[in-house]
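Trainee: Residue numbers (this note's numbering): -17 to 356.
Below you'll find the structure I mean.
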């Protein structure tokens, strides 16, 4: 098989399965397989089963970091590890397969550009999808350089007669591809719901972080929204950092500062139930950053739910366009996205289904070792 650059792509005798704890830890295995020519250097396909898109981008990481793999591995996190591989050129087609309870992006097909922001050197996109716009990742194409094309398909699996639509999408996909699975696809927890729950923290930060969406999808309205949203988030980050660093002082803020007043009320409510030394204000800020036009998905599956999702997963594998080049799996239980009481059972069942369908090697359980040899 030959990739878009005319380079022959190798095939593993047995499909390797790499199981990690945190989802961004699959990146070293992807880079390794690109380096060994088991994945194409350019124009590949990534099929992503997850309750979350994982397609945000770091606000501070320079685009050039994608070509310094060790630095990249240190800088990315669970929500922003995927699109850097697209900017690097490894993948052009992305298929996010989501469970019925995930609504961050609607079922759709979109085409957009990804590139380096001329103004600050970070990675941005031209997508007008709310998921990207609300995170201030939108830029018009003329504000980007080194742009690459992206096709993003989003489809729901597990809601009934969904395979027909997914089959149509897969008709545009070719091997080799990465099959990537987050175990929270089968059962999902929103860990922020339990965080400082005595003070009703999550509902309070949702009110603090609320915003008015763009008036329209016009370029002018999107740019105006991005500016105001960036200012809001920067102001909130400053306020929460002042608390984290024990530098909070009511005297330094204007009583007309609406965001300050909202954060002040949150602080007072939380200190009624928790000692300050036991509050991680940066984590509270992170919780607020997840609040936009949809909450993080939360659906702890019953055994009946799980059985249905496992069957849907099996049916999905049967319509794939061939066998994956590699399979990556994230447990996502240490950060409470996959319910810890079910993760071992879900993992065992997923591995059994994969081995029934494909000729797989024994899984590499990287989470059981302290370091990766990449």
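Glycine residues also receive a C-beta, built at the ideal position from the N, C-alpha and C atoms.
The structure presented is a predicted model; accordingly, all values stated were derived computationally and were not measured.
Could you give the uninterrupted runs of the alpha helix (DSSP H) lying entirely in the segment 214 to 298, keeping only those of 4 residues or more?
Mentor: Complete alpha helix (DSSP H) runs here, min 4: 240 to 253 and 263 to 271.
Trainee: Identify every residue that forms a DSSP beta bridge with residue 162.
Mentor: What you label residue 162 is simply residue 180 of the chain shown in a count that begins at 1. Bridge partners of residue 162: 30 and 310.
Trainee: Taking C-alpha atoms, which residue in 226, 116, 304 and 324 lies nearest to residue 273?
Mentor: Taking the chain shown and counting its residues from 1, the one referred to as residue 273 is at position 291. Among 226, 116, 304 and 324, the Cα nearest to that of residue 273 is on 116.
Trainee: So, helix, strand or coil for residue 348, using DSSP?
Mentor: To locate residue 348, count along the chain shown from 1; it is residue 366. Residue state, collapsed to three classes: helix.
Trainee: Leaving out the 5 sequence neighbours to the left and right, which residues in its chain are closer than 8 Å to residue 152 when beta-carbon positions are compared?
Mentor: Reading the chain shown from its first residue, position 170 is the one you call residue 152. These residues qualify, in order along the chain: 77, 301, 302 and 303.
Trainee: Could you say which of 9, 139 and 293 lies nearest to residue 89 if we only look at CA atoms?
Mentor: As a working mapping, residue 89 is identified with position 107 in the chain shown. When each option's Cα is compared against that of residue 89, the closest is 139.
Trainee: Using the C-alpha atoms, what's the distance from residue 265 back to residue 249?
Mentor: For this step, residue 249 is matched to residue 267 along the chain shown. For this step, residue 265 is matched to residue 283 along the chain shown. Whole-angstrom Cα-Cα distance: 13 Å.
Trainee: Just to confirm my understanding: we take residue 63, look at its own chain, exclude 5 residues before and 5 after, and list those with CB closer than 8 Å. What are they?
Mentor: If you number the chain shown from 1, residue 63 lands on position 81. Cβ neighbours of residue 63 beyond the five flanking positions: 5, 6, 8, 9 and 36.
Trainee: Please state the DSSP three-state secondary structure of residue 133.
Mentor: Position 151 of the chain shown, counted from the start, is the residue given in the question as residue 133. Strand.
Trainee: Rounded to whole angstroms, what is the Cα-Cα separation between residue 319 and residue 263?
Mentor: Taking the chain shown and counting its residues from 1, one reaches residue 319 at position 337. Taking the chain shown and counting its residues from 1, one reaches residue 263 at position 281. Spanning the two alpha carbons is a distance of roughly 20 Å.
Trainee: Considering residue 121, what are the terminal residues of the alpha helix (DSSP H) in which it resides?
Mentor: Position 139 of the chain shown, counting from 1, holds the residue named residue 121. Where residue 121 is concerned, there is no enclosing alpha helix (DSSP H), given that its DSSP letter is neither H nor E.
Trainee: Below 8 Å on the Cβ atoms is my guess for residue 339 versus residue 165; work out the distance and round it to an integer in Å.
Mentor: One-based indexing of the chain shown puts residue 339 at position 357. One-based indexing of the chain shown puts residue 165 at position 183. Actually they are not in contact, since the Cβ atoms of residue 339 and residue 165 sit about 17 Å apart, beyond 8 Å.
Trainee: Out of 196, 104 and 279, which one is the CA nearest neighbour of residue 111?
Mentor: Walking along the chain shown from the start, residue 111 turns up at place 129. It is 196.
Trainee: Suppose you measure from the CA of residue 236 to the CA of residue 324; what does that come to, to the nearest Å?
Mentor: Numbered from 1 along the chain shown, position 254 holds the residue referred to as residue 236. Numbered from 1 along the chain shown, position 342 holds the residue referred to as residue 324. Rounded to the nearest angstrom, the two C-alpha atoms are 49 Å apart.
Trainee: If you reduce the DSSP assignment to three classes, tell me which class residue 76 lands in.
Mentor: Here the question's residue 76 lines up with position 94 in the chain shown. If DSSP states are grouped into helix, strand and coil, residue 76 belongs with the strands.
Trainee: Rounded to a whole number of angstroms, what is the C-alpha to C-alpha distance between residue 26 and residue -3?
Mentor: The residue you call residue 26 lines up with position 44 of the chain shown. The residue you call residue -3 lines up with position 15 of the chain shown. Each residue's alpha carbon lies about 17 Å from the other.
Trainee: With distance defined between alpha-carbon atoms, name the residue in 23, 67 and 241 nearest to residue 189.
Mentor: Counted from its first residue, the chain shown places residue 189 at position 207. With distances taken between Cα atoms, residue 189 lies closest to 241.
Trainee: Would you say residue 191 and residue 271 are within 8 Å of each other, going by their C-beta atoms?
Mentor: Walking along the chain shown from the start, residue 191 turns up at place 209. Walking along the chain shown from the start, residue 271 turns up at place 289. Yes, these two residues count as a Cβ contact at 8 Å.
Trainee: So, do the segment 39 to 49 and the segment 98 to 114 have three or more beta carbon pairs nearer to each other than 8 Å?
Mentor: Contact between the segment 39 to 49 and the segment 98 to 114 is present, because at least three Cβ pairs lie under 8 Å.
Trainee: Cβ of residue 45 within 8 Å of Cβ of residue 13?
Mentor: Numbered from 1 along the chain shown, position 63 holds the residue referred to as residue 45. Numbered from 1 along the chain shown, position 31 holds the residue referred to as residue 13. No, the pair does not count as a contact, with Cβ atoms beyond the cut-off.
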